[in-house]
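**Student:**
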Amino acid sequence: MAEALQQLILDTLDAQSTIKDTRTLVIPGNTTPAASQDEQIAILGALNSLLSRDMISYQTNEIVSYDLTAEGAQIVEQGSNEARVWQALPLKGQGAPVTPVQLKKAVGDDVAKVGQGRAFKSGWIGKEGDGLVKIAPEIVDVTQNDLQEIKSTGTLKSGEKVIADLRKRKLVVQKKGQWFSVSKGSNFSTSNAKPETDLTVDMLTSGSWKTSTFKKYNFEAEGIPTNGGGLHPLLKVREEIRNIFLEMGFAEMPTSSFVESGFWCFDALFVPQQHPARDLQDTFYLSDPVKSLPPKKEYYDIVSQVHEHGGFGSMGYRAPWVDDESRRLLLRTHTTASSAQMLYKLAARCRGEPVDGDEGEFTHGAQSTTGADKVEGQDGKKDDGFRAAKLFSIDRVFRNETMDATHLAEFHQVEGVVADRNLTLADLIGFMRVFFNKMGIENVRFKPAYNPYTEPSMEIFAFHPMLNRWVEVGNSGMFRPEMLEPMGFPKDVRVHGWGLSLERPTMIRYGINNIRTLVGHKVSIEGIENSPAVMF
């Protein structure tokens, strides 16, 4: 078959000089031109074989066509959903209105659900009392007509906008094809005898090598390049952000615990136990094991007291405290759960407790003391044990999100806290502007927001040039006294906290407009290999 195709191409070129369109060729054994893509693929194989011998040259021409889905084919036969809904209703004033329940029985749930909205939008039907009636005496089922045209021609004269709508409704699918224009090569011949590739002993013995044609040996051909690994854009941006934090004097927090308890993820942050974020539709809970080990009792009792009855100047939430809710295990919804635990360790010296190695590292080598060892500072005031700290982490979090162009159920959070005395909101805004400027993002806005554990709070937006709109990239604020003082911090200590997305700044940096092409099965391996290193 392959040799027959090659000979057909050579004979056609000999007779016509060029083949303008390979779809006009009639493959041996067929009676009609080669219009299908399977036939064109077979022709491509023959062309490549001839091209390797410089007998021909060819150009590839792309073609796009459309085919009906099963639902689209059904609409061609029975009419569109909106038309079937219209047909099932009486004309206004000429019969009893049809209730939605009756309509579902008449045309089916799916047809009624989709068809009502489109029929209303087209002005075909209206409400009368508790039922529906026709308000258009006659209609043209444009959807059915368009699909009939696509079925017969593979395309639509109405244009790409209509086709895009039909594809969005999953009524048609796009098909890409190709055909070829062929011309003679430098070694063109109607003889399809393949040149020899090897000089054999038999050829030398018989002398046939003298009259044989040999395939050219390309001494300049390079070997096949070896494939090497490539860092994902997220890893590149992650390293850049990490370096920015380290450059600004931050220490990195350990955040390896993907599973947290409700206490550290919510309660310690002064998130009420009745908050919507703790519902199943927002949070992934574990089924085995269900409960965590209890936290330190003294701190647990203080936190539950502040929630239920208030304290430290707060009246609390005045809602019942449920121990089981506090001990439920979940996939952490934010790395602030780890930040809360690190702040609790940071406050150990203030509580007069021994300090472990982590806290000493995060306060840059401050000497470990206990409450009995507190000494006077340089200003003559008694040392209350507090040491300023700047901490950050970059790790994964999990939320029960509906996935779209900017949301995933599993993503990365860039978490940071700054603890010091008498910090203000202006300090936080100034820091965030410097931080994003180092990332190369200059267009930043701040919007007042509400968070249970920060007051005041701000949402952070950055301008996405590809989407041509402002995209939320993070949340920030100053941790509430109800969160900090139960840990043991002095009243004049303030803590800035923020949680930023890693994915969205990466999308802005690389000009990506859909997060699903950055993470997941749609990621281009070639794009990862060729993506430039990010230099903020």
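Per full-length UniProt numbering, residue 1 is the first one in the sequence shown, and the count goes up by one each step.
By construction, the Cβ of each residue, glycine as well, lies at the ideal position given by its N, Cα and C atoms.
Cα separation between residue 353 and residue 493?
**Tutor:** Approximately 18 Å between the Cα atoms of the pair.
**Student:** How about residue 80 and residue 143: are their beta carbons less than 8 Å apart?
**Tutor:** Contact: yes.
**Student:** What does the Cβ neighbour count give for residue 174, buried or exposed, with the cut at 16 atoms within 10 Å?
**Tutor:** Label assigned to residue 174: exposed.
**Student:** Along the chain, where does the beta strand (DSSP E) that runs through residue 448 open and close?
**Tutor:** Unbroken beta strand (DSSP E) run through residue 448: 444-451.
**Student:** Could you check whether the region 322-333 touches the region 384-393, counting it as contact only if at least three pairs of C-beta atoms, one from each stretch, sit closer than 8 Å?
**Tutor:** They do not touch, by the three-pair rule.
**Student:** Going by alpha carbons, who is nearest to residue 489 out of 451, 319, 299, 523?
**Tutor:** Selected option, being the one with the closest Cα: 299.
**Student:** Compute the Euclidean distance between the alpha carbons of residue 210 and residue 47, then round it to the nearest angstrom.
**Tutor:** Rounded to whole angstroms, residue 210 to residue 47 spans 28 Å at the Cα level.
**Student:** Using alpha carbons as the reference points, say which of 397, 243, 505 lies closest to residue 255.
**Tutor:** Considering only alpha carbons, the answer is 397.
**Student:** Measure the Cβ-Cβ separation of residue 267 and residue 303 and say whether it is below 8 Å.
**Tutor:** The answer is yes: Cβ separation under 8 Å.
**Student:** How far does the beta strand (DSSP E) with residue 244 in it extend, from its first residue to its last?
**Tutor:** No beta strand (DSSP E) holds residue 244; the alpha helix (DSSP H) holding it covers 233-247.
**Student:** Excluding sequence positions up to five away, which residues of its chain have a Cβ less than 7 Å from the Cβ of residue 75?
**Tutor:** Here the set comprises 143, 144, 147, 171.
**Student:** Just the C-alpha distance for residue 138 and residue 98, rounded to the nearest angstrom, thanks.
**Tutor:** Roughly 18 Å between the two C-alpha positions.
**Student:** Spell out the partners DSSP gives residue 143 in its beta bridges.
**Tutor:** Residue 143 pairs with nothing; no bridge assigned.
**Student:** Report all residues from its chain with a CB closer than 8 Å to the CB of residue 521; omit the five preceding and five following residues, and keep chain order.
**Tutor:** Closer than 8 Å at the Cβ level, and outside the excluded window around residue 521, lies no residue.
**Student:** Around the C-beta of residue 250, are 16 or more other C-beta atoms found within 10 angstroms, so that it is buried, or is it exposed?
**Tutor:** Buried, since its Cβ has 16 or more Cβ neighbours within 10 Å.
**Student:** Measuring alpha carbon to alpha carbon, tell me which of 431, 274, 475, 429 ends up nearest residue 451.
**Tutor:** For the residues 431, 274, 475, 429, the minimum Cα distance to residue 451 belongs to 475.
**Student:** Can you list, in chain order, the residues of its chain with a C-beta nearer than 8 Å to that of residue 178? Leave out the 5 residues immediately preceding and following it.
**Tutor:** 37, 40, 44, 60, 61, 62, 63.
**Student:** Just to confirm the assignment: which complete alpha helix (DSSP H) runs, minimum length 4, are found wholly within the region 42-117?
**Tutor:** With a minimum length of 4 residues, the continuous alpha helix (DSSP H) runs that stay inside the region 42-117 are 70-78, 81-87, 100-107.
**Student:** Return the Cβ separation of residue 187 and residue 55 in integer angstroms, given the expectation that the two are a contact with Cβ distance under 8 Å.
**Tutor:** The Cβ separation is near 5 Å, so the contact holds.
**Student:** Mind checking whether residue 124 and residue 136 have CB atoms under 8 Å apart?
**Tutor:** Their beta carbons are under 8 Å apart, which means residue 124 touches residue 136 by this criterion.
**Student:** Which residue comes first and which comes last in the alpha helix (DSSP H) that contains residue 7?
**Tutor:** Residue 7 -> alpha helix (DSSP H) spans 2-16.
**Student:** Roughly how many angstroms lie between the CA atoms of residue 22 and residue 242, to the nearest whole one?
**Tutor:** Taking the straight line joining both Cα atoms gives about 56 Å.
**Student:** Would you mind giving the Cβ-Cβ distance between residue 68 and residue 88, rounded to the nearest angstrom? I have them listed as a contact below 8 Å.
**Tutor:** 24 Å between Cβ atoms; not a contact.
**Student:** Got a sec, what are the start and stop residues for the beta strand (DSSP E) residue 262 sits in?
**Tutor:** It is not in any beta strand (DSSP E) - residue 262 instead sits in the alpha helix (DSSP H) that spans 262-265.
**Student:** Between residue 312 and residue 485, which are expected to be in contact by the criterion C-beta below 8 Å, what is the C-beta distance as a whole number of angstroms?
**Tutor:** Their Cβ separation, rounded to whole angstroms, is 4 Å, which keeps residue 312 and residue 485 in contact under 8 Å.
**Student:** How should residue 460 be labelled, buried or exposed, when 16 other C-beta atoms within 10 angstroms of its C-beta is the threshold for buried?
**Tutor:** Classification for residue 460: buried.
**Student:** Classify residue 338: buried if its beta carbon has 16 or more other beta carbons within 10 angstroms, exposed otherwise.
**Tutor:** The residue in question, residue 338, is buried, as its Cβ has 16 or more Cβ neighbours within 10 Å.
**Student:** Name the two residues that bound the continuous beta strand (DSSP E) containing residue 125.
**Tutor:** Unbroken beta strand (DSSP E) run through residue 125: 125-128.
**Student:** Skipping 5 residues on each side, what residues in its chain have a beta carbon closer than 7 Å to that of residue 252?
**Tutor:** Counting only Cβ-Cβ distances below 7 Å, and skipping sequence neighbours, we find 392, 393.
**Student:** How is the alpha helix (DSSP H) around residue 289 delimited, first residue to last?
**Tutor:** Per DSSP, residue 289 belongs to no alpha helix (DSSP H) and is neither H nor E.
**Student:** By DSSP, does residue 470 sit in helix, in strand, or in coil?
**Tutor:** Here residue 470 sits in strand by DSSP.
**Student:** From residue 487 to residue 472, what distance separates their C-alpha atoms?
**Tutor:** Rounded to whole angstroms, residue 487 to residue 472 spans 31 Å at the Cα level.
**Student:** The alpha helix (DSSP H) spanning residue 545 covers which residue range?
**Tutor:** Coverage of the chain is limited to positions 1 through 536, which leaves residue 545 absent and any answer about it impossible.
**Student:** Looking only at its chain, what residues have a beta carbon closer than 7 Å to the beta carbon of residue 340, apart from the 5 residues adjacent to it on each side?
**Tutor:** Once the five neighbours on either side are set aside, the close Cβ partners of residue 340 are 264, 268, 269.
**Student:** In three-state terms, what does DSSP make of residue 462?
**Tutor:** It is a strand residue.
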